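Residue numbers (the working numbering), protein chains in the order written: chain A, 8 to 166; chain B, 8 to 166; chain C, 8 to 166.
First the structure, in the form of structure tokens, and then the observations on it.
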Amino acid sequence: MTEQKTTNIILFSGDYDKAMAAYIIANGAAAYDHKVTIFHTFWGLNALRKDEPYNVKKGFLEKMFSKMMPRGADKMGLSKMNFAGMGPKMIKHVIKKHNAMTLPQLVEMAQEQEINLVACTMTMDLLGLQQGELLEDIEYAGVAAYLADAENGNVNLFI
Amino acid sequence: MTEQKTTNIILFSGDYDKAMAAYIIANGAAAYDHKVTIFHTFWGLNALRKDEPYNVKKGFLEKMFSKMMPRGADKMGLSKMNFAGMGPKMIKHVIKKHNAMTLPQLVEMAQEQEINLVACTMTMDLLGLQQGELLEDIEYAGVAAYLADAENGNVNLFI
Amino acid sequence: MTEQKTTNIILFSGDYDKAMAAYIIANGAAAYDHKVTIFHTFWGLNALRKDEPYNVKKGFLEKMFSKMMPRGADKMGLSKMNFAGMGPKMIKHVIKKHNAMTLPQLVEMAQEQEINLVACTMTMDLLGLQQGELLEDIEYAGVAAYLADAENGNVNLFI
Numbered sequence: 008m009t010e011q012k013t014t015n016i017i018l019f020s021g022d023y024d025k026a027m028a029a030y031i032i033a034n035g036a037a038a039y040d041h042k043v044t045i046f047h048t049f050w051g052l053n054a055l056r057k058d059e060p061y062n063v064k065k066g067f068l069e070k071m072f073s074k075m076m077p078r079g080a081d082k083m084g085l086s087k088m089n090f091a092g093m094g095p096k097m098i099k100h101v102i103k104k105h106n107a108m109t110l111p112q113l114v115e116m117a118q119e120q121e122i123n124l125v126a127c128t129m130t131m132d133l134l135g136l137q138q139g140e141l142l143e144d145i146e147y148a149g150v151a152a153y154l155a156d157a158e159n160g161n162v163n164l165f166i
Numbered sequence: 008m009t010e011q012k013t014t015n016i017i018l019f020s021g022d023y024d025k026a027m028a029a030y031i032i033a034n035g036a037a038a039y040d041h042k043v044t045i046f047h048t049f050w051g052l053n054a055l056r057k058d059e060p061y062n063v064k065k066g067f068l069e070k071m072f073s074k075m076m077p078r079g080a081d082k083m084g085l086s087k088m089n090f091a092g093m094g095p096k097m098i099k100h101v102i103k104k105h106n107a108m109t110l111p112q113l114v115e116m117a118q119e120q121e122i123n124l125v126a127c128t129m130t131m132d133l134l135g136l137q138q139g140e141l142l143e144d145i146e147y148a149g150v151a152a153y154l155a156d157a158e159n160g161n162v163n164l165f166i
Numbered sequence: 008m009t010e011q012k013t014t015n016i017i018l019f020s021g022d023y024d025k026a027m028a029a030y031i032i033a034n035g036a037a038a039y040d041h042k043v044t045i046f047h048t049f050w051g052l053n054a055l056r057k058d059e060p061y062n063v064k065k066g067f068l069e070k071m072f073s074k075m076m077p078r079g080a081d082k083m084g085l086s087k088m089n090f091a092g093m094g095p096k097m098i099k100h101v102i103k104k105h106n107a108m109t110l111p112q113l114v115e116m117a118q119e120q121e122i123n124l125v126a127c128t129m130t131m132d133l134l135g136l137q138q139g140e141l142l143e144d145i146e147y148a149g150v151a152a153y154l155a156d157a158e159n160g161n162v163n164l165f166i
């Protein structure tokens, strides 16, 4: 009997294209029967934000971060050639034209494939994000949980 | 008998300095008898572009991406301190002065060391890149091939 | 008897937030009894610079790099939302408010936990950095030393 392989991705980046890459690898690994976890930290948490505004009481700095950060996967910018938002529009056009999946569709597929989507509680705290602002069925954990998975992992990536 | 170690690098970035780091690690690993694969995806594909223009029929968006993206390893910018192209010039000066290898030389060395240079077909499609635009002796594959290598890999990196 | 697990992080990035992530993972892994190494290369070397100026003879290009690069962990910018330095100030405010650790404190903690902080000699040479400019108790090594650690590593990350 062979043990189930595992893929553990830290998604640090808040870029649309990098998050796409993370979710494509994750969905691929899940299709190959890996146990897959995406640990969202820092700007990567934006991929898990709901796209509607959510009414929560926040301090001033948290409010600023909250305003400045993109609300949800669909709003994120590109790591390269962002051109004031034109780049993501182009990429989305191209994705549509090739019948490829957009980032929100990739996130949805990940949830259907039971990929563990984890939000890093420490950076949520730092950036002033609250559980109600994030998608449903997310797990909340810290670096210790990540290490427990990754130390026996087959494919560990920081994106 | 020990099994051959393997190094699997995903080169996502289109930055000159990050691609240098990827190729230095890859060439080092090959020198230590690892089986090495560099899987080029998204902007990392630019490291594999031929430096002469290549006449292909493309749609409008693909043409725009194609124009805007650097043609080949030598044209890529830095991840930091790009200063409208001055940074890469400085780095290249410094590389020359220290008898270090430039990125195109590192790519050539990788081919001599029989490192598998793989182009991600899905992102080639998205960005409208065609096989004739890329270097010779490249392999073409998707995320499944990457995972098959990486799940038994020793050193897996996302750059 | 189980072998000691190892975590090997390449810190390539010179961003405050990415360096924080690297050092948080590293300190976490050390707390869980991993043998931990952070291999600082390219802009990641800035995390190891002393914050006072250091009088060394350098060539013109090396002097320019040296001037332009941040001197020490505390001076580094954010990967996102840098806003001419306002971003890091906000993050530092938020860190303080939540009693979290700043990057210089995380570096200090790493040294107390006997994490191997390695400076990549090849890129020090390229960027014109000298040993006297970096923190005490740093190791100096190249890609071969990194690979020797990483090929048997449990958690290998490129940040």
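Built from N, CA and C at the ideal position, the CB exists for glycine as well.
Quick caveat: nothing in here was measured; it's all calculated off a predicted structure.
Query                                                                                                                               : Result
Whether Asn161 (chain C) touches Lys12 (chain C) by CB criterion (8 Å)                                                              : yes
3 or more residues per run - each beta strand (DSSP E) lying fully within the region 16–59 of chain C                               : 42–47
Leu136 (chain C) - DSSP class collapsed to helix/strand/coil                                                                        : coil
Beta-carbon proximity list for Leu110 (chain C), same chain, < 8 Å, skipping 5 on both sides                                        : Tyr23, Ala26, Met27, Tyr30, Ala54, Ala80, Asp81 and Met83
Cβ pair count under 8 Å reaching 3, the region 140–148 of chain C against the region 130–144 of chain B                             : no
Sequence-distant residues of the same chain with beta carbon closer than 7 Å to Thr128 (chain C), five excluded per side            : Tyr147, Ala148 and Gly149
Sequence-distant residues of the same chain with beta carbon closer than 8 Å to Pro60 (chain A), five excluded per side             : Arg78
Per DSSP, the bridge partner or partners of Thr13 (chain B)                                                                         : B:Lys42
Interface residues of the region 37–48 of chain A facing chain B [CB-CB below 9 Å]                                                  : Ala38, Tyr39 and His41
Whole-angstrom distance between Lys64 (chain A) and Gln120 (chain C), CA atom to CA atom                                            : 38 Å
Simplified DSSP assignment, three categories, for Ala126 (chain C)                                                                  : strand
Where the region 20–34 of chain C meets chain B: residues whose CB sits under 9 Å from a CB there                                   : Ser20, Gly21 and Asp22
First through last residue of the alpha helix (DSSP H) which encompasses Leu164 (chain A)                                           : Note, Leu164 (chain A): premise wrong, no alpha helix (DSSP H); beta strand (DSSP E) at Val162 to Phe165.
For Met8 (chain C), three-class secondary structure by DSSP                                                                         : Its pLDDT being 49, under 50, Met8 (chain C) is placed unreliably in this model, and the value from its coordinates should be taken loosely. Met8 (chain C): coil per DSSP, three-state reduction.
Extent of the continuous beta strand (DSSP E) to which Tyr147 (chain A) belongs                                                     : Glu146 to Ala148
Under the three-state DSSP convention, the category Leu142 (chain A) falls into                                                     : coil
is_contact[Val101 (chain B), chain C] using C-beta, thresh 8 Å                                                                      : yes
Anticipated Cβ contact below 8 Å, Leu134 (chain C) with His100 (chain B), distance rounded                                          : Not a contact, Cβ separation roughly 12 Å.
Spatial distance of Met8 (chain C) from Met76 (chain B) (CA atoms)                                                                  : Unreliable placement is indicated for Met8 (chain C), whose pLDDT of 49 sits below 50; no coordinate value is reported for it.
Reduced DSSP category for Gln112 (chain A) - H, G, I as helix; E, B as strand; rest coil                                            : helix
Below-8 Å beta-carbon distance, Met83 (chain A) vs any chain C residue                                                              : no
Spatial distance of Ile166 (chain A) from His105 (chain B) (CA atoms)                                                               : 31 Å
Residue-chain proximity (Val125 (chain A), chain B), Cβ-Cβ < 8 Å                                                                    : no
Neighbour flag for Val162 (chain A) against chain B, beta carbons, 8 Å                                                              : yes
Endpoints, alpha helix (DSSP H) assigned at Met75 (chain A)                                                                         : Phe67 to Met75
Cβ-based contacts, 9 Å cut-off: residues of the region 57–79 of chain C near chain B                                                : Gly66, Leu68, Glu69, Met71, Phe72, Met75 and Met76
Pair within 8 Å by beta-carbon distance, Val125 (chain C) and Thr14 (chain C)                                                       : no
Cut-off 7 Å between Cβ atoms - residues of its own chain near Asn34 (chain A), not counting five sequence neighbours on either side : Leu113, Met116, Ala117 and Gln120
Partners in chain C for Met108 (chain B), counting only beta-carbon separations shorter than 8 Å                                    : Near Met108 (chain B) there are no residues of chain C at all, since even the closest Cβ is about 10 Å away, more than 8 Å.
Residue-level contact to chain B via CB, Glu188 (chain C), 8 Å cutoff                                                               : Given that chain C is displayed from residue 8 to residue 166, the structure contains no residue 188 (chain C) and the question cannot be resolved.
Distance CB(Asn159 (chain B))-CB(Asn163 (chain C)) smaller than 8 Å                                                                 : no
Residues within the region 130–155 of chain A neighbouring chain C, beta-carbon criterion of under 7 Å                              : Asp132, Leu133, Val150, Ala151 and Leu154
Chain B contact for Met8 (chain C) (CB, 8 Å cutoff)                                                                                 : For Met8 (chain C), the pLDDT reaches just 49, beneath the cut-off of 50, and the residue's location in the model is therefore unreliable, leaving the point undetermined.
Ile122 (chain A) at chain B interface by Cβ criterion, 8 Å                                                                          : no
Separation of Leu18 (chain A) from Asp58 (chain A), as counted between CA atoms                                                     : 19 Å
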